[in-house]
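Read the structure below first, then the notes.
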DNA sequence: TTGAACTGTAACTATACTTGTTACAGTTAT
DNA sequence: ATAACTGTAACAAGTATAGTTACAGTTCAA
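Protein chains in written order, with the working numbering: chain A, 1 to 138; chain B, 1 to 138.
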């Protein structure tokens, strides 16, 4: 159960909201499609809300809808909203008395930035509208 | 302390081995530079060994050295040797009674492959020799 | 041929992260 | 007022990594 599938789930949820247009969708309904608990969905929606991707309304007949049009939601935005944004982690405190240990951190940090950047560039090529179309024509 | 820093650690270790050339290096020494336990290093070296990147020798005066020259060790090889190779995970069983749930998995799977591929391409641009030079000129 | 010095690996603990769940306070339409 | 929502805290369960100890197996050297 521990696999960090938040990005995949976010794409799923946003696609669902996109199909409902202006109509607010209940977390319970979304949970039914994703096949998980409604609280898990609300937690995810909370992050997407902070990123300005969705808007929720509390109270009776409330729910959540997109805050932007599907073509204005880039997959990079989604990724940054729910992921840590690092493909690999740096390792803790190498020994500074060793020539390699002293300098490897900076080298790895640069590499990390470059790899993360390549992911960003690859994701930036798609919007939620593209995903919707792929789902429709599957 | 749970952060999957295996790739970073692997690069560190391989750089260290590269600097020793043909001379076998003891896990205890490597552990000193990485600042961790020798068994952690031996576990990592075991994976690198299975990938054909290093060669170990048991017994007295044993140790580990590179199985290839540094310029023949591509960072992609290292990544594949120690990482799962997936930038994000797919989420479990969406509801197949929902139009989105039914098709989202295939769409996400394609996206996953494309993103993972972009990481591979970005890593493929570097070899261990490049890392060594960066560490030297830091 | 004995002993010292290694690797390889199993087993266990500690830590931390994600998911799933219950519970409940706050908000809103009817 | 009440029913129907969201937001979030709190907790349990499952899983992954890191660190550690222990020990079997291998190799060299005296």
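Ideal Cβ placement from N, Cα and C applies to all residues, glycine included.
Is the beta carbon of residue j closer than 7 angstroms to that of residue i?
i, j, result
"residue 48 of chain A", "residue 123 of chain A", "no"
"residue 135 of chain A", "residue 104 of chain B", "yes"
"residue 115 of chain B", "residue 87 of chain B", "yes"
"residue 127 of chain A", "residue 73 of chain A", "yes"
"residue 82 of chain A", "residue 38 of chain A", "no"
"residue 53 of chain A", "residue 17 of chain A", "no"
"residue 106 of chain B", "residue 57 of chain B", "no"
"residue 139 of chain B", "residue 91 of chain A", "Missing from the structure shown is residue 139 of chain B; chain B here goes from 1 to 138 and no further."
"residue 117 of chain A", "residue 118 of chain B", "no"
"residue 8 of chain A", "residue 44 of chain B", "no"
"residue 89 of chain B", "residue 3 of chain A", "yes"
DSSP on residue i, reduced to helix/strand/coil?
i, result
"residue 67 of chain B", "coil"
"residue 55 of chain B", "strand"
"residue 127 of chain A", "strand"
"residue 110 of chain A", "helix"
"residue 39 of chain B", "helix"
"residue 78 of chain A", "helix"
"residue 121 of chain A", "helix"
"residue 25 of chain B", "strand"
"residue 96 of chain B", "coil"
"residue 86 of chain A", "coil"
"residue 60 of chain A", "coil"
"residue 115 of chain B", "helix"
"residue 10 of chain B", "helix"
"residue 18 of chain B", "helix"
"residue 33 of chain A", "helix"
"residue 103 of chain B", "helix"
"residue 49 of chain A", "helix"
"residue 5 of chain B", "coil"
"residue 72 of chain B", "helix"
Report the neighbours of residue i on chain A: residues whose CB is nearer than 8 angstroms to its CB, in chain order.
i, result
"residue 118 of chain B", "118, 119, 121, 122"
"residue 115 of chain B", "119, 122, 123"
"residue 45 of chain B", "Here the premise fails: no neighbours, minimum Cβ distance about 15 angstroms."
"residue 83 of chain B", "88"
Anything in chain A within Cβ reach of residue i, meaning under 7 angstroms, just list it in chain order.
i, result
"residue 72 of chain B", "Those do not exist, as residue 72 of chain B stays about 19 angstroms from chain A at its closest Cβ, beyond 7 angstroms."
Skipping 5 residues on each side, what residues in its chain have a beta carbon closer than 6 angstroms to that of residue i?
i, result
"residue 41 of chain A", "27, 30, 31"
"residue 95 of chain A", "101"
Would you mind telling me which residues of chain B sit closer than 9 angstroms to residue i, beta carbon to beta carbon, in chain order?
i, result
"residue 32 of chain A", "95, 97, 98, 101"
"residue 106 of chain A", "134, 135, 138"
Less than 8 angstroms between C-beta atoms, sequence neighbours within five positions excluded: which residues of the same chain meet that for residue i?
i, result
"residue 15 of chain A", "128, 131, 132, 135"
"residue 99 of chain B", "none"
"residue 55 of chain B", "49, 64, 65, 66, 67"
"residue 71 of chain B", "127, 128, 129"
"residue 12 of chain A", "33, 34"
"residue 62 of chain B", "24, 26, 56"
"residue 22 of chain B", "65"
Run down chain A in chain order and give the residues with a C-beta less than 9 angstroms from the C-beta of residue i.
i, result
"residue 76 of chain B", "Near residue 76 of chain B there are no residues of chain A at all, since even the closest Cβ is about 11 angstroms away, more than 9 angstroms."
"residue 4 of chain B", "88, 89"
"residue 131 of chain B", "104, 107, 108, 111"
In chain order, what residues of the same chain lie with their CB nearer than 7 angstroms to the CB of residue i, ignoring the 5 residues before and after it?
i, result
"residue 20 of chain B", "65"
Would you mind telling me which residues of chain B sit closer than 7 angstroms to residue i, beta carbon to beta carbon, in chain order?
i, result
"residue 37 of chain A", "Those do not exist, as residue 37 of chain A stays about 12 angstroms from chain B at its closest Cβ, beyond 7 angstroms."
Notebook entry, point to check: Along the segment 9-27 of chain B, what residues have a CB closer than 8 angstroms to any CB found in chain A?
Noted result: Within the segment 9-27 of chain B, those residues whose Cβ lies closer than 8 angstroms to any Cβ of chain A are, in chain order, 9, 11, 12, 15, 16, 19.
Chain A contacts from the segment 54-65 of chain B (Cβ-Cβ distance under 8 angstroms): So nothing in the stretch comes that close.
Open item on the list: Give me the subset of the segment 89-101 of chain A whose CB atoms are less than 8 angstroms from a CB atom of chain B, sorted by chain position.
Closed with: Against chain B - using a Cβ distance shorter than 8 angstroms - the residues of the segment 89-101 of chain A are 89, 90, 91, 92, 93, 94, 95, 98, 99, 100, 101.
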